[in-house]
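Visitor: Got a structure for you, questions after.
Number of protein chains: 2
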Amino acid sequence: MSTDQLTDEACGLRERKKRETRRALNLAALDLVEEKSYAAVTTEEIAARAGVSARTFFNYFPSKEAAVIGTTAEELEAYAASLEAPVEGESPLASLRRILAGMLAPTSVDRDLRAKRRRILLGEPSLAPALVGNNIRIENALTAALERRLGVLPGASLEPRLTVALAIAAVRACIEHQQNGGAGRLERNIDQAFDRIAAGLS
Amino acid sequence: MSTDQLTDEACGLRERKKRETRRALNLAALDLVEEKSYAAVTTEEIAARAGVSARTFFNYFPSKEAAVIGTTAEELEAYAASLEAPVEGESPLASLRRILAGMLAPTSVDRDLRAKRRRILLGEPSLAPALVGNNIRIENALTAALERRLGVLPGASLEPRLTVALAIAAVRACIEHQQNGGAGRLERNIDQAFDRIAAGLS
DNA sequence: CTGCAATTTTGCAGTCACTGCACAATCGGC
DNA sequence: GCCGATTGTGCAGTGACTGCAAAATTGCAG
Chain U
1 MSTDQLTDEA CGLRERKKRE TRRALNLAAL DLVEEKSYAA VTTEEIAARA
51 GVSARTFFNY FPSKEAAVIG TTAEELEAYA ASLEAPVEGE SPLASLRRIL
101 AGMLAPTSVD RDLRAKRRRI LLGEPSLAPA LVGNNIRIEN ALTAALERRL
151 GVLPGASLEP RLTVALAIAA VRACIEHQQN GGAGRLERNI DQAFDRIAAG
201 LS
Chain F
1 MSTDQLTDEA CGLRERKKRE TRRALNLAAL DLVEEKSYAA VTTEEIAARA
51 GVSARTFFNY FPSKEAAVIG TTAEELEAYA ASLEAPVEGE SPLASLRRIL
101 AGMLAPTSVD RDLRAKRRRI LLGEPSLAPA LVGNNIRIEN ALTAALERRL
151 GVLPGASLEP RLTVALAIAA VRACIEHQQN GGAGRLERNI DQAFDRIAAG
201 LS
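As they're listed, the protein sequences go chains U and F. UniProt numbering numbers the first residue of the first sequence as 1 and each following residue consecutively. UniProt numbering numbers the first residue of the second sequence as 1 and each following residue consecutively.
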């Protein structure tokens, strides 16, 4: 199965339980934020709903923010791998468009969780600072991947990091635009934004 | 004097004292972070060095991060005004290049404080998440200004926000590049980055 | 210069995120 | 079933941040 990479990589009982606990915490966090609001949720509640102790919460996530956002190292690696191995005739920017749009699309595996994520990350403006902080991780992972793809040493050229940063910023701008009641639909705006980047702007 | 806008706008004793306290807190925060590290500094220390109570600290800044970053509403307004009133024959992107580069340059008023800021914001990677969070404020202010300059209603078009977001992301990418030991000098890289944005990339 | 109203400062008590540490529980391999 | 290693948990503590009410300061009018 193609989903094996994301769900069952190393299949000891230990690994599986960790995965489940992490997922339960992420899910509990998302549900609670949806019921109340980000500020009104405590880490103790999240831990309780996930069925672990308050202390264990911090064995899985370094902060409350991280638990709500929930990006795993595996997801990051998957995105990086997808960027590193280019699709036939696809420019770096086109790859980034595909990958970043895929992060928002609830069409892949884990449909309900992804949909919930999207709903909350788009709907809770108070998470914006945490989200852009998380984007740094994504930027670093994707930059390293693009450097490998282009065969340049890390930091040797500004171009890979710049390309990744602009792509992420474009998506973020579309999200912000959406949250502020801006015109247009999200996916369509993202497409337009990438077209603008490719064409250059003034 | 041309510096009046930033230093003496409303010159009651009350206003002046508030300004001084704010500045003292920002300066104390920067100095302490430079002496130790961001994590090792407490808000109590900052307040003590600035000569105010621990409680008063939070009357001036909503968080420790904000005290270190120290962007004032007036600075934001000044940048916005500078973007709104276009210079002869300067494209929006060119205006943004000038304004954002000016934020990093210690050549304007308040030379020592600006230089200290620059040194710390470039040298303390643990501040990166806070910085990008702060960038949201800057993005919103500049977006609104650009919308006014272009004569479009807020949120009517994606373009203003996209332009601002890309410009900020470019500068941030250059800073990150610098911090990771990347090639080239900062100012030069920023120039190149803006040229790439204008020309389009793949 | 003097009292009055508005603003600002401060102390206090409290909540909550987060951490180190020591110990208990659990798991994987033998 | 046993042992080493990993993981879960309780406890105690630090520090960021908040609301509240009293005290100090400022601007102003008389």
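Cβ atoms here follow ideal geometry from the backbone N, Cα and C, with glycine treated the same way. These figures come from a predicted structure and were not determined experimentally.
Using the Cα positions of T42/F and L122/F, report the straight-line distance between them to the nearest angstrom.
Guide: The alpha-carbon atoms of T42/F and L122/F are separated by roughly 21 Å.
Visitor: Excluding the five sequence neighbours on either side, which residues of its own chain have a C-beta within less than 7 Å of the C-beta of L150/F, listed in chain order?
Guide: The residues are P160.
Visitor: With the cut-off set at 8 Å, would you say R172/U and N135/U are in Cβ contact?
Guide: Yes, they are a contact pair.
Visitor: Return the chain-ordered list of same chain residues with a C-beta closer than 7 Å to the C-beta of R118/F, the five sequence neighbours on each side being excluded.
Guide: So the list reads L104 and P106, once near-sequence residues are dropped.
Visitor: Answer with yes or no whether the minimum CB distance from S95/F to chain U is below 8 Å.
Guide: Not closer than 8 Å to any Cβ of chain U, the Cβ of S95/F fails to qualify, so no.
Visitor: With a threshold of 16 other CB atoms inside 10 Å of the CB of K141/F, please say whether the residue is buried or exposed.
Guide: Sequence inspection shows Ala at residue 141/F; the Lys mentioned does not correspond to that position. With 16 or more Cβ atoms within 10 Å of its Cβ, A141/F is classed as buried.
Visitor: Which of the three DSSP states is assigned to L157/U in this structure?
Guide: In the sequence as presented, Leu is not what sits at residue 157/U; that position holds Ser. Here S157/U sits in coil by DSSP.
Visitor: Assess, as a yes-or-no matter, whether the segment 43 to 61 of chain U is touched by the segment 86 to 95 of chain U under the definition of 3 or more beta carbon pairs within less than 8 Å.
Guide: Flag = no, the segment 86 to 95 of chain U and the segment 43 to 61 of chain U do not touch.
Visitor: Please report how far the alpha carbon of E75/F lies from the alpha carbon of P129/F, in whole angstroms.
Guide: Straight-line Cα distance between these residues: approximately 21 Å.
Visitor: Looking at chain F, which residues of the segment 170 to 181 of chain U have a Cβ within less than 9 Å of any of its Cβ atoms?
Guide: If the cut-off is 9 Å between Cβ atoms, the segment 170 to 181 of chain U has A170, R172, A173, C174, E176, H177, N180 and G181 near chain F.
Visitor: Roughly how far, in whole angstroms, is the beta-carbon of L158/U from the beta-carbon of G182/F, given that I think they are within contact range, below 8 Å?
Guide: Their Cβ separation, rounded to whole angstroms, is 7 Å, which keeps L158/U and G182/F in contact under 8 Å.
Visitor: Determine the closest residue to L100/U out of V152/U, E15/U, E20/U and T163/U, with distance taken between C-alpha atoms.
Guide: Ranking V152/U, E15/U, E20/U and T163/U by Cα distance to L100/U puts T163/U first.
Visitor: Run through chain F and tell me which residues come within less than 8 Å of G89/U, C-beta to C-beta.
Guide: Simply none; closest approach about 12 Å.
Visitor: Whose C-alpha, out of E88/F, S37/F and G200/F, is nearest the C-alpha of K64/F?
Guide: Out of E88/F, S37/F and G200/F, S37/F has the C-alpha closest to the C-alpha of K64/F.
Visitor: Residues in the same chain with beta-carbon distance under 7 Å from I46/F, minus the five sequence neighbours each way, listed in chain order, please.
Guide: Closer than 7 Å at Cβ, skipping near neighbours: L25, A28, A29, L32, F57 and A67.
Visitor: Counting C-beta neighbours from all protein chains within 10 Å, is the total for V152/U 16 or more, i.e. buried, or is it exposed?
Guide: V152/U should be labelled exposed.
Visitor: For the alpha helix (DSSP H) containing F58/F, list its first residue and its last residue.
Guide: Element bounds for F58/F: A54 to Y60.
Visitor: Quick check on the burial criterion: 16 or more other C-beta atoms within 10 angstroms. Buried or exposed for E139/U?
Guide: Counting Cβ neighbours within 10 Å, E139/U comes out buried, since at least 16 surround it.
Visitor: Can you have a look at L13/U and say buried or exposed, based on whether 16 or more other CB atoms are within 10 angstroms of its CB?
Guide: By the 10 Å Cβ count, L13/U comes out exposed.
Visitor: Given that a residue counts as buried once 16 or more other Cβ atoms are within 10 Å of its Cβ, and exposed if not, what is V132/F?
Guide: Its Cβ being crowded by 16 or more others within 10 Å, V132/F is buried.
Visitor: Write down the C-beta distance between F144/F and A80/F rounded to the nearest angstrom, noting that I regard them as a contact closer than 8 Å.
Guide: In the sequence as presented, Phe is not what sits at residue 144/F; that position holds Ala. With 8 Å as the limit, A144/F and A80/F qualify as a contact, their Cβ atoms being about 7 Å apart.
Visitor: If contact means a Cβ-Cβ distance below 9 Å, which residues of the UniProt domain "HTH tetR-type" (19 to 79) of chain U contact chain F?
Guide: The residues in question: there are none.
Visitor: Pop quiz: S82/F and A198/U are said to be a contact at Cβ under 8 Å. What is the actual Cβ separation, rounded to whole angstroms?
Guide: Actually they are not in contact, since the Cβ atoms of S82/F and A198/U sit about 29 Å apart, beyond 8 Å.
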